[in-house]
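*Asks:* Sequences listed follow chains H, S, F, G, B, D and P, in order.
Throughout, my numbering is defined as the position within the first sequence, counted from one, plus 143.
Throughout, my numbering is defined as the position within the second sequence, counted from one, plus 143.
Throughout, my numbering is defined as the position within the third sequence, counted from one, plus 143.
Throughout, my numbering is defined as the position within the fourth sequence, counted from one, plus 143.
Throughout, my numbering is defined as the position within the fifth sequence, counted from one, plus 143.
Throughout, my numbering is defined as the position within the sixth sequence, counted from one, plus 143.
Throughout, my numbering is defined as the position within the seventh sequence, counted from one, plus 143.
Sharing a structure here in structure tokens format.
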Amino acid sequence: MIMPMKMLEENLNKKVALLLKDNRILEGTLSGYDEYMNMVLDEVEENTENLNRKLGTVIIRGSNVVRISPR
Amino acid sequence: MIMPMKMLEENLNKKVALLLKDNRILEGTLSGYDEYMNMVLDEVEENTENLNRKLGTVIIRGSNVVRISPR
Amino acid sequence: MIMPMKMLEENLNKKVALLLKDNRILEGTLSGYDEYMNMVLDEVEENTENLNRKLGTVIIRGSNVVRISPR
Amino acid sequence: MIMPMKMLEENLNKKVALLLKDNRILEGTLSGYDEYMNMVLDEVEENTENLNRKLGTVIIRGSNVVRISPR
Amino acid sequence: MIMPMKMLEENLNKKVALLLKDNRILEGTLSGYDEYMNMVLDEVEENTENLNRKLGTVIIRGSNVVRISPR
Amino acid sequence: MIMPMKMLEENLNKKVALLLKDNRILEGTLSGYDEYMNMVLDEVEENTENLNRKLGTVIIRGSNVVRISPR
Amino acid sequence: MIMPMKMLEENLNKKVALLLKDNRILEGTLSGYDEYMNMVLDEVEENTENLNRKLGTVIIRGSNVVRISPR
């Protein structure tokens, strides 16, 4: 058994992909998170249906996140 | 009487299918969960209306889950 | 006066139909629930506008439920 | 001044109509409720835009309710 | 400075118009409310885009309310 | 550093514009608020895509507010 | 490891871009925030799909925020 929060911890400083509720996908290095699954990502690349762009560092509010996949 | 959380526990390390609010279906092995029904799934296969893909390990936020069915 | 939770208790091991927010209807035997109205259903038959299928056992998150009707 | 919960109490065992967020209207006898405005209705008749049907007893989750009107 | 709850109190037994999230407008006499802004309205007239009707007394769940305007 | 609540306090009795989730814009004098950002506005002018009207005093539920801009 | 709230603190008095749930983008100087991620922004420029305008100072409710990117 691995707790979801423990899984986040194991991915610290590793590359993850976040799917958000609006279908936006953010890929970057997970450099922090809190108990609400708010997250800090570095070197982010964002993909929407029409767009691909680089965003540097971003803070994501956890309430918008659907799934997190380690890369 | 079986509590929903107990039912999750009984499916640890077994294959489950999750239906999410956006109609996405994730099938994989349930390797963890917490009291908010956040879950960790391994060897995930994801199906949307148009797409089928393999995702490896994913963390799912419980607030997006509609139903969980043991396979 | 009958409390909604008491009404659930009286339907344990009986057949119920759940209407979910996405208009999905699940019929099955209520084998468990908790204080958030998360439920465990057995021998589930699911009906959407286009589809009818058998699902076996499912866990439903209460936040998706609109109404519960004993059969 | 009449508190909303007191108003519910006064309608116990009386006929009420519930408007739900999905525009569904349920009419029936209010046989119970709790502090979340979850309700138990008996002899329910349900009306949607396209459909009218009899449902017997139902449990309604309060979070789906828009307004309650005594009949 | 006037607190929103104090403003509600000052409108007790007076005519108010409620705008709900689904664009429904309810006009009536405010005969009660609680700390969640659940309200009891008397002699209600309801207006939607297509419809005008009289509803008598209604209980409104506060979570559906956008704005309240004294008449 | 200025806290959002402190910023509200500084705008008491001044003109503000509220953008609501349904794209409605309300302009008026901020005469009160509480810790949920419920607000009381006086001499309100409301603008939607199709409509402009005067509303006098209104109570706004904070959960519908997107942004507040001092005028 | 950097906590999301710590990341906000580091961006105090710096330029940030907020993406809101309605796809609105607000760029400005972060002059304050609280534990709900409500924020105060100065010298704001707002961009929607069709519109670009200057807003001066604004208060943003955190529940509408998807991501925050330092500029």
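Think of the CB as a built atom: it goes at the ideal place given N, C-alpha and C, for glycine as much as any other residue.
Please state the DSSP three-state secondary structure of R163 of chain S.
*Replies:* If you number the second sequence from 1, residue 163 of chain S lands on position 20. The amino acid at residue 163 of chain S is misidentified as Arg; the sequence shows Leu. DSSP places L163 of chain S in strand when its eight states are reduced to three.
*Asks:* Can you confirm whether T200 of chain S, when its beta carbon is compared against all beta carbons of chain H, has any partner nearer than 7 Å?
*Replies:* Along the second sequence, one-based indexing puts residue 200 of chain S at 57. At least one chain H Cβ lies under 7 Å of T200 of chain S.
*Asks:* Can you find a CB in chain F that lies within less than 7 Å of the CB of S174 of chain G?
*Replies:* Residue mapping note: residue 174 of chain G aligns to position 31 of the fourth sequence, counting from 1. At a cut-off of 7 Å between beta carbons, S174 of chain G contacts chain F.
*Asks:* Answer with buried or exposed for Y176 of chain H, where buried requires no fewer than 16 other C-beta atoms within 10 angstroms of its C-beta.
*Replies:* Within the first sequence, residue 176 of chain H is the residue found at index 33, counting from 1. Counting Cβ neighbours within 10 Å, Y176 of chain H comes out buried, since at least 16 surround it.
*Asks:* Classify M182 of chain B as buried or exposed, calling it buried when 16 or more other Cβ atoms lie within 10 Å of its own Cβ.
*Replies:* By 1-based counting over the fifth sequence, the position of residue 182 of chain B is 39. Burial call: buried.
*Asks:* Going by beta carbon distance, what residues of the same chain come within less than 8 Å of N156 of chain P, once the five residues before and after it are set aside?
*Replies:* Locating residue 156 of chain P in the seventh sequence gives position 13, where the first residue counts as 1. Taken in chain order, the residues that qualify are T172, L173, S174.
*Asks:* Label E152 of chain P either buried or exposed according to how many other C-beta atoms from any shown protein chain fall within 10 Å of its C-beta, with 16 as the threshold for buried.
*Replies:* Taking the first residue of the seventh sequence as position 1, residue 152 of chain P is located at position 9. Here E152 of chain P is exposed: its Cβ has fewer than 16 other Cβ atoms, across all protein chains shown, within 10 Å.
*Asks:* What does DSSP give as the partner residue(s) for G199 of chain H in the beta ladder?
*Replies:* To locate residue 199 of chain H, count along the first sequence from 1; it is residue 56. BP columns for G199 of chain H point to H:V187.
*Asks:* Please classify L163 of chain D as buried or exposed, where buried requires at least 16 other C-beta atoms within 10 Å of its C-beta.
*Replies:* Here residue 163 of chain D corresponds to residue number 20 of the sixth sequence, with the count starting at 1. Burial call: buried.
*Asks:* Within this structure, are the beta carbons of I211 of chain G and P147 of chain F separated by less than 7 Å?
*Replies:* Position 68 of the fourth sequence, counting from 1, holds the residue named residue 211 of chain G. Position 4 of the third sequence, counting from 1, holds the residue named residue 147 of chain F. It is not a contact, given that the beta carbons lie outside the stated cut-off.
*Asks:* Express the C-alpha separation of A160 of chain P and R196 of chain H in angstroms, rounding to a whole number.
*Replies:* Reading the first sequence from its first residue, position 53 is the one you call residue 196 of chain H. Reading the seventh sequence from its first residue, position 17 is the one you call residue 160 of chain P. In a straight line, the C-alpha of R196 of chain H is about 14 Å away from that of A160 of chain P.
*Asks:* In the DSSP assignment, find the alpha helix (DSSP H) that holds L151 of chain S and state where it starts and stops.
*Replies:* Locating residue 151 of chain S in the second sequence gives position 8, where the first residue counts as 1. Segment 147 to 153, the alpha helix (DSSP H) holding L151 of chain S.
*Asks:* Can you tell which of H:N190, H:M150, H:D185, H:L169 has its C-alpha closest to the C-alpha of I145 of chain P?
*Replies:* Indexing the seventh sequence from 1 puts residue 145 of chain P at position 2. With distances taken between Cα atoms, I145 of chain P lies closest to H:D185.
*Asks:* Considering Cα atoms alone, identify which of H:T200, H:E188, H:P213 is closest to E170 of chain H.
*Replies:* Taking the first residue of the first sequence as position 1, residue 170 of chain H is located at position 27. Nearest C-alpha to E170 of chain H: H:E188.
*Asks:* Please check if any C-beta of chain G sits within less than 7 Å of the C-beta of I211 of chain B.
*Replies:* To locate residue 211 of chain B, count along the fifth sequence from 1; it is residue 68. No, I211 of chain B does not count as interfacial toward chain G.
*Asks:* Going along chain S in order, which residues have a C-beta closer than 7 Å to the C-beta of L155 of chain F?
*Replies:* The sequence position of residue 155 of chain F within the third sequence is 12, counting from 1. Residues of chain S passing the Cβ test: M144.
*Asks:* What does V183 of chain P touch in chain D if you count any residue whose Cβ is under 8 Å from its own?
*Replies:* By 1-based counting over the seventh sequence, the position of residue 183 of chain P is 40. I145, M146, P147, M150, listed in chain order.
*Asks:* Looking at the strands, I want to know which residues DSSP matches up with K158 of chain F.
*Replies:* Taking the first residue of the third sequence as 1, we reach residue 158 of chain F at position 15. BP columns for K158 of chain F point to F:T172.
*Asks:* Which two residues bound the contiguous beta strand (DSSP E) that contains S212 of chain F?
*Replies:* Along the third sequence, one-based indexing puts residue 212 of chain F at 69. S212 of chain F -> beta strand (DSSP E) spans 208 to 213.
*Asks:* Among the residues of its own chain, which have a CB less than 7 Å from the CB of V209 of chain B, if the five just before and after it don't count?
*Replies:* Sequence index remark: in the fifth sequence, residue 209 of chain B carries index 66 (1-based). L162, L163, K164.
*Asks:* Taking 7 Å as the threshold (beta carbon to beta carbon), is R204 of chain P in contact with chain D?
*Replies:* Walking along the seventh sequence from the start, residue 204 of chain P turns up at place 61. Yes, R204 of chain P counts as interfacial toward chain D.
*Asks:* Could you pull out every residue in the same chain whose Cβ sits closer than 7 Å to the Cβ of N207 of chain P, ignoring the five residues on either side in sequence?
*Replies:* Within the seventh sequence, residue 207 of chain P is the residue found at index 64, counting from 1. L163, K164, listed in sequence order.
*Asks:* In the DSSP assignment, what are the bridge partners of M182 of chain F?
*Replies:* By one-based count along the third sequence, residue 182 of chain F stands at place 39. M182 of chain F pairs with F:Y176, F:I203.
*Asks:* Would you say N207 of chain P faces chain D, with C-beta separation under 7 Å as the test?
*Replies:* Taking the seventh sequence and counting its residues from 1, the one referred to as residue 207 of chain P is at position 64. Yes, because at least one Cβ of chain D sits closer than 7 Å to the Cβ of N207 of chain P.
*Asks:* For L162 of chain B, go through chain G and note every residue whose CB falls closer than 8 Å to its CB, in chain order.
*Replies:* The residue you call residue 162 of chain B lines up with position 19 of the fifth sequence. In chain order: nothing, as chain G lies at least about 13 Å away.
*Asks:* Give the straight-line distance between the Cα atoms of E192 of chain H and G205 of chain F, rounded to the nearest whole angstrom.
*Replies:* Start at 1 with the first residue of the first sequence, and residue 192 of chain H comes out as number 49. Start at 1 with the first residue of the third sequence, and residue 205 of chain F comes out as number 62. Rounded to whole angstroms, E192 of chain H to G205 of chain F spans 32 Å at the Cα level.
*Asks:* Could you give the distance in angstroms between the alpha-carbon of L194 of chain P and the alpha-carbon of M150 of chain B?
*Replies:* Counted from its first residue, the seventh sequence places residue 194 of chain P at position 51. Counted from its first residue, the fifth sequence places residue 150 of chain B at position 7. Cα to Cα, L194 of chain P sits roughly 36 Å from M150 of chain B.
*Asks:* Whose C-beta lies closer than 6 Å to the C-beta of N154 of chain H among residues of the same chain, with five residues either side of it excluded?
*Replies:* Along the first sequence, one-based indexing puts residue 154 of chain H at 11. So the qualifying residues of the chain are L173, P213.
*Asks:* Can you list, in chain order, the residues of its chain with a C-beta nearer than 8 Å to that of I168 of chain F? Leave out the 5 residues immediately preceding and following it.
*Replies:* Translated into positions along the third sequence, residue 168 of chain F becomes position 25. Residues of the same chain with a CB within less than 8 Å of the CB of I168 of chain F, apart from the 5 flanking positions on each side, are A160, L161, L162, E189, N190, T191 in chain order.
*Asks:* Do you know offhand how far M180 of chain F's Cα is from M180 of chain H's?
*Replies:* Along the third sequence, read from residue 1 onward, the residue named residue 180 of chain F stands at position 37. Along the first sequence, read from residue 1 onward, the residue named residue 180 of chain H stands at position 37. Cα to Cα, the separation comes out at about 24 Å.
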